[in-house]
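A.B. asks:
Protein chains: 6
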Amino acid sequence: MQKPPISRYPAPGLEDAPQDVRERIEAVREKSGFVPNVFLALARRPEEFRAFFAYHDALMEKPGGLTKAEREMIVVATSGLNHCQYCVVAHGAILRIRAKNPLIADQVAVNPLKADLNARERAMLAFALKVAERSYAIDEEDFVALAPHAFSYEDIWDIAAIAALFAMSNRLANAFAIRPNEEFYLMGREPRR
Amino acid sequence: MQKPPISRYPAPGLEDAPQDVRERIEAVREKSGFVPNVFLALARRPEEFRAFFAYHDALMEKPGGLTKAEREMIVVATSGLNHCQYCVVAHGAILRIRAKNPLIADQVAVNPLKADLNARERAMLAFALKVAERSYAIDEEDFVALAPHAFSYEDIWDIAAIAALFAMSNRLANAFAIRPNEEFYLMGREPRR
Amino acid sequence: MQKPPISRYPAPGLEDAPQDVRERIEAVREKSGFVPNVFLALARRPEEFRAFFAYHDALMEKPGGLTKAEREMIVVATSGLNHCQYCVVAHGAILRIRAKNPLIADQVAVNPLKADLNARERAMLAFALKVAERSYAIDEEDFVALAPHAFSYEDIWDIAAIAALFAMSNRLANAFAIRPNEEFYLMGREPRR
Amino acid sequence: MQKPPISRYPAPGLEDAPQDVRERIEAVREKSGFVPNVFLALARRPEEFRAFFAYHDALMEKPGGLTKAEREMIVVATSGLNHCQYCVVAHGAILRIRAKNPLIADQVAVNPLKADLNARERAMLAFALKVAERSYAIDEEDFVALAPHAFSYEDIWDIAAIAALFAMSNRLANAFAIRPNEEFYLMGREPRR
Amino acid sequence: MQKPPISRYPAPGLEDAPQDVRERIEAVREKSGFVPNVFLALARRPEEFRAFFAYHDALMEKPGGLTKAEREMIVVATSGLNHCQYCVVAHGAILRIRAKNPLIADQVAVNPLKADLNARERAMLAFALKVAERSYAIDEEDFVALAPHAFSYEDIWDIAAIAALFAMSNRLANAFAIRPNEEFYLMGREPRR
Amino acid sequence: MQKPPISRYPAPGLEDAPQDVRERIEAVREKSGFVPNVFLALARRPEEFRAFFAYHDALMEKPGGLTKAEREMIVVATSGLNHCQYCVVAHGAILRIRAKNPLIADQVAVNPLKADLNARERAMLAFALKVAERSYAIDEEDFVALAPHAFSYEDIWDIAAIAALFAMSNRLANAFAIRPNEEFYLMGREPRR
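Written out as structure tokens, the structure reads:
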């Protein structure tokens, strides 16, 4: 069986991409050793590429009250809900690395309710999953439920916004059939030492 | 009963917003006669504000195979599915104006299957709603079903991406309780002449 | 695009309707200035016409503990749940008028949880929506939850019965594709003074 | 364990009921040997009682293209969907008698897809269940699917209207906890001879 | 209309079955007066037959904290949820006999929430139905909720395991279209004396 | 954070288990290098242990038309649907090994519709997932849909029975919180050579 292409839509050659897009892609290649397919898949629409990664960086890379591992947990849990192969596999890898825990990504993807999480993480994911699944029902009580776990109002914005960003991202990856790079499957699986 | 504020999160005074954000807001005020609350609600996070509206403009304002009325139809149909008060009311107004049809927004919001739509519009919304609701099941057949209606592959990208963008937008507006401006409710309701 | 007919089934000429049906229709025309299409659509089955409006009047027009605006709220909320174009549009108009509130109908139709409602109205709609959606699970606790809001047992009967009547009505309007009159879309939208 | 009362709401003494209501109740007692509890439960609201049974008789007792057994099948199948104890048990009994089949009611209530039905009955129940569950999606194709089975347009109205009437009826019986008479459980269970 | 066969798969003649299978079948015929079709349907796979009934007996026939009527209640409630004709009809009969209650099986199958149950039975079925429907969400609170009703930890294992066994059994009976024997429909329906 | 125990129920010491149970456990330890926790968790109920593994072996280990990799695919896909951490992780490992494919288990667990499967595998999983999720609707057409893919009627029995067995197994593992051994997470992930 031949492998499917990286996406339903052909990726442009890098030489056809605008310079800033190309530079961003080269930077990620340098850092990771390979180019995650979502960069190539979106590069054919440079304006959307720029907006997507600007949004991504504003939520996932900035300083803030949520640890980077917590942010990735939100991504993996909501992407599991949405059955997004790309996001579960790629962000699962990042989560394993950021949490220094080789088991956590599979656990969160399959069933966040049975994963090895502390109370703060459970509350965070319950909120994020509600945003992902039934945001119309979010109300004051959901905010109150997060209070005992030392989340500030800005942190709660971050939780909601990350869940919302990946609501978009999951749908793009699913609709365009973006394929996770094989590298992701094995990253971060070595046991803790 | 006192009206709730424009969002669960306080909006910054415009004088506190970065200049580009302020200019964007002033431009929309000039054009529309008022500032839609989503601009104020997101202004407290300037980077997210910029990314959000850059994405929005890249999909909703650029030239392309979809008419602007068709794009707004996608927004209203998927926002109805997600029970997003802000997006149904605000984009319902824009849809009425762009489609020059005072009935269409309420019809599409309540039940896209019973709205006054032509076959192309029906096929477009069926695809958009599948992206919104079960994107994990999008497959080649869904693309094939759009072919008879003169959608190019780029048009289909646009349909999917608009549905995905508002998957995010609906969740933000719902989680942050962004309130539609009263002006939207009445816009575009005058009967056709 | 030509407008679809008022229903999937042809309406009889008024001259073919029995006298009492005709009189009822003329009375509503006199009062409203037009004949809502549901009257014409059901007139072809005079016995069902009589039973339907007798039930309607017994619940919607009689004196009782629920205000007329509250009754229309139940109709709009449950009809939104059932995606009934006719009932949302027609009763949305009546709700705007009875509540003297041009915003309330759209809010309740899109998402009752985010509408501008007081605690009594919220409790009432929560009960009505449970009757509409999962009546098999109604139990004593649901009755108890209404007690603090000054609903009598007779009022609760009314809430349940209105939700049940429109469970029927929504299904008839959906199955027969009864089209709301254009007049309804604009009624009651002028801002409060 | 003491038996619960016939309904959450107390039934009036027959002597307190208006004469026409009392006469209807006495007539059914004469015919059946007992008074089905729905008559007693609704008698406390005489106008609703009259409208309910007028609607019921207009659909269930009148001449028409559907056999009486077919009409009861619709009731049992949709009431099973809605988990309505009263309607499944009471109309299950009537279905067994009208269909002269002691097995059919339990089969239809548990799983209409696996019941001993002919193709016409299957098509009829598929339509009725769609009206009961997702009437918003009923479209021309659903009407077309019934054509090969010798249903006239008037017959289809009857199918839809019966499903709609019991959408109401199920919700009333569930919300008011109307209890089926014990007599119903055993009626019509003697094997065919 | 000819009756469908006992299953989509042909049952072997008893003379073709291994001796232990044949003896088990003869024993049940002796005890019940007929051979329930599930025995014949599974006999074509002797190893699965043995494993199935070994599991069944280990949970349904052994001594333990749950009464036999309680165990059958779990079967009927979860089989109702799964729309399994065979299990609802066959185990409904056994439940009527074990509970000495001719009404209970139909009540539990149609709507466990409205059946004549005591508090212990309600709590037991709530747990069993959660195992049947959303076992991924079972947590410590579900165990705690059973404590006031005198269920030991071993009893709770039994409740869960019975619900799980019939999750399998329902799927087998549904997929293979195993038909309940007519005898079951009438068993245990005579009123209590 | 301390690791949770292997199950909500304490596992017996092996010395307390009956000899046949102990021997089975020792055999699996010899073969795999460790004892999968499901063996320990079920050992406290020896009769259920025996029945469970007898059923398992009869379907998963016997000769037949389905390859062993295909059988594990059914397990992983249906266990993903049921959010069963134990079965997805443990059988995901076995699937990787049997299919000699380090990617397939994660793909099938997250979204079988987007996994690298051939047409036969897709048809098989569509059937298995329907058995897992809505077995009440399995009908002749589902059998017909498998015919072009060279599945015999015995093979289809196997597909259905494996899906049914893991419907049980998933519910046991979820209800009893059986924890997958850490060894499973990494097994079979080395790339093909």
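Residue numbers (our numbering), protein chains in the order written: chain X, 60 to 252; chain C, 60 to 252; chain E, 60 to 252; chain H, 60 to 252; chain V, 60 to 252; chain R, 60 to 252.
Built from N, CA and C at the ideal position, the CB exists for glycine as well.
Note that the structure is a prediction, hence the values are computed from the model and not measured.
1. Short check: CB of Ser194/C to CB of Asn96/X, under 8 angstroms?
2. Answer yes or no: do Ala149/E and Val190/E have a C-beta to C-beta separation smaller than 8 angstroms?
3. Say whether chain V places a C-beta atom closer than 8 angstroms to the C-beta of Arg248/H.
4. Over the uninterrupted alpha helix (DSSP H) stretch that includes Asp198/V, give me the two end residues.
5. Could you confirm whether any beta carbon from chain C is found closer than 8 angstroms to the beta carbon of Tyr244/H?
6. Alpha carbon to alpha carbon, how far is Tyr145/R from Ala236/R? Give it in angstroms, no decimals.
7. Taking 8 angstroms as the threshold (beta carbon to beta carbon), is Ala196/E in contact with chain V?
8. Could you confirm whether any beta carbon from chain C is found closer than 8 angstroms to the beta carbon of Leu162/E?
9. Taking the alpha-carbon of Asn170/V as reference, which of Ala178/V, Val135/V and Arg179/V has the nearest alpha-carbon?
10. Please report how far the alpha carbon of Ala234/E lies from the alpha carbon of Ala152/E, in whole angstroms.
11. Measure from the C-beta of Lys189/C to each C-beta in chain E and report whether the shortest distance is under 8 angstroms.
12. Could you tell me how far apart the beta carbons of Val80/H and Phe108/H are, in whole angstroms, since I believe they sit closer than 8 angstroms?
13. Could you name the residues of chain R that Asn177/H contacts, counting a contact when the two beta carbons are closer than 9 angstroms?
14. Can you pull out the residues from the stretch 141–156 of chain V whose beta carbon lies closer than 7 angstroms to at least one beta carbon of chain E?
15. From this set, Leu188/X, Ile163/X and Ala168/X, which residue's C-alpha is nearest Asn177/X's C-alpha?
16. Apart from the five residues just before and just after Ala168/R, which ones in its own chain have a Cβ nearer than 7 angstroms to its Cβ?
17. Which stretch, first to last residue, makes up the alpha helix (DSSP H) that contains Arg103/X?
18. Report the CB separation of Phe202/E from Ile221/E in whole angstroms; it is logged as a contact under 8 angstroms.
19. Residues of chain C with CB closer than 8 angstroms to the CB of Leu172/R, please, in chain order.
20. Taking the alpha helix (DSSP H) that Ser91/H falls in, what are its first and last residues?
21. If the cut is a Cβ gap below 9 angstroms, which residues of chain R does Met36/V touch?
22. Using the C-alpha atoms, what's the distance from Ile156/V back to Ala187/H?
23. Quick one: which chain H residues come within Cβ less than 8 angstroms of Pro63/V?
24. Out of Glu89/H, Ile197/H and Arg179/H, which one is the CA nearest neighbour of Arg130/H?
25. Closest by CA to Pro71/C, which one among Pro63/C, Leu101/C and Ser91/C?
26. Round the Cβ separation of Met227/V and Leu245/R to the nearest angstrom and send it over; I've been treating them as touching at under 8 angstroms.
27. If we count the other Cβ atoms within 10 Å of its Cβ and call it buried at 16 or more, is Pro239/V buried or exposed?
28. Between Pro182/V and Ala110/R, is the Cβ-Cβ spacing less than 8 angstroms?
29. Give a yes or no on whether the minimum CB-CB distance between Ala136/C and chain E is below 8 angstroms.
30. Would you verify that the beta carbon of Gln78/R is, or is not, closer than 8 angstroms to some beta carbon of chain X?
31. Cβ of Phe210/C within 8 angstroms of Cβ of Gly123/C?
32. Within its chain, find whatever has a CB closer than 6 angstroms to the CB of Leu184/R; leave out the 5 residues flanking it on each side and keep chain order.
33. From Ala113/R to Asp198/R, what distance separates their C-alpha atoms?
34. Do Glu242/V and Phe93/V have their C-beta atoms within less than 8 angstroms of each other?
35. Taking the alpha-carbon of Glu106/E as reference, which of Leu231/E, Pro77/E, Ser91/E and Arg230/E has the nearest alpha-carbon?
C.D. replies: A quick look at the data gives this:
1. Taking 8 angstroms as the Cβ cut-off, Ser194/C and Asn96/X do not qualify as a contacting pair.
2. Not closer than 8 angstroms, so no.
3. At least one beta carbon of chain V lies nearer than 8 angstroms to the beta carbon of Arg248/H.
4. Note, Asp198/V: premise wrong, no alpha helix (DSSP H); not H, not E.
5. Judged by the 8 angstroms Cβ criterion, Tyr244/H is not in contact with chain C.
6. For Ala236/R and Tyr145/R, the distance between alpha carbons rounds to 8 angstroms.
7. Chain V, which has a Cβ nearer than 8 angstroms to the Cβ of Ala196/E, makes this yes.
8. Between Leu162/E and chain C, the shortest Cβ-Cβ separation is below 8 angstroms.
9. Per the Cα distances, Val135/V.
10. Between the alpha carbons of Ala234/E and Ala152/E lies a distance of about 22 angstroms.
11. No, Lys189/C lies away from the interface with chain E (no Cβ there is under 8 angstroms from its Cβ).
12. The pair is a contact, with the Cβ atoms about 5 angstroms apart (cut-off 8 angstroms).
13. Under the 9 angstroms cutoff, chain R gives no residues; its nearest Cβ is about 15 angstroms from Asn177/H.
14. The residues in question: there are none.
15. Of the candidates Leu188/X, Ile163/X and Ala168/X, Ile163/X places its Cα closest to the Cα of Asn177/X.
16. Only Val135, Gly139, Val147 and Gly151 meet the Cβ criterion.
17. DSSP places Arg103/X in no alpha helix (DSSP H); its state is neither H nor E.
18. Phe202/E to Ile221/E, Cβ: 16 angstroms. No contact.
19. Within chain C, Tyr195, Ala196 and Asp198 have C-beta atoms less than 8 angstroms from the C-beta of Leu172/R, given in sequence order.
20. Gln78 to Ser91 is the extent of the alpha helix (DSSP H) around Ser91/H.
21. The first residue shown for chain V is 60 and the last is 252, placing residue 36/V beyond what the model contains.
22. Distance between the alpha carbons of Ala187/H and Ile156/V is about 35 angstroms.
23. Neighbourhood of Pro63/V in chain H, by CB distance below 8 angstroms: Asp175, in chain order.
24. Of the listed residues, the one whose Cα sits closest to Arg130/H is Arg179/H.
25. The shortest Cα separation from Pro71/C among Pro63/C, Leu101/C and Ser91/C belongs to Leu101/C.
26. Between Leu245/R and Met227/V the Cβ distance is about 30 angstroms, and since that is not below 8 angstroms, they are no contact.
27. So Pro239/V counts as buried.
28. Per the sequence shown, the amino acid found at residue 182/V is Ala instead of Pro. In this structure, Ala110/R does not lie closer than 8 angstroms to Ala182/V by Cβ.
29. Output row for Ala136/C: interface = no.
30. It does not; no Cβ of chain X falls within 8 angstroms.
31. In this structure, Gly123/C does not lie closer than 8 angstroms to Phe210/C by Cβ.
32. Taking C-beta separations shorter than 6 angstroms and ignoring five residues to either side along the sequence, the partners of Leu184/R in its chain run Ala136 and Pro171, following chain order.
33. Those two C-alpha atoms are separated by around 28 angstroms.
34. The answer is yes: Cβ separation under 8 angstroms.
35. Nearest option by C-alpha distance: Pro77/E.
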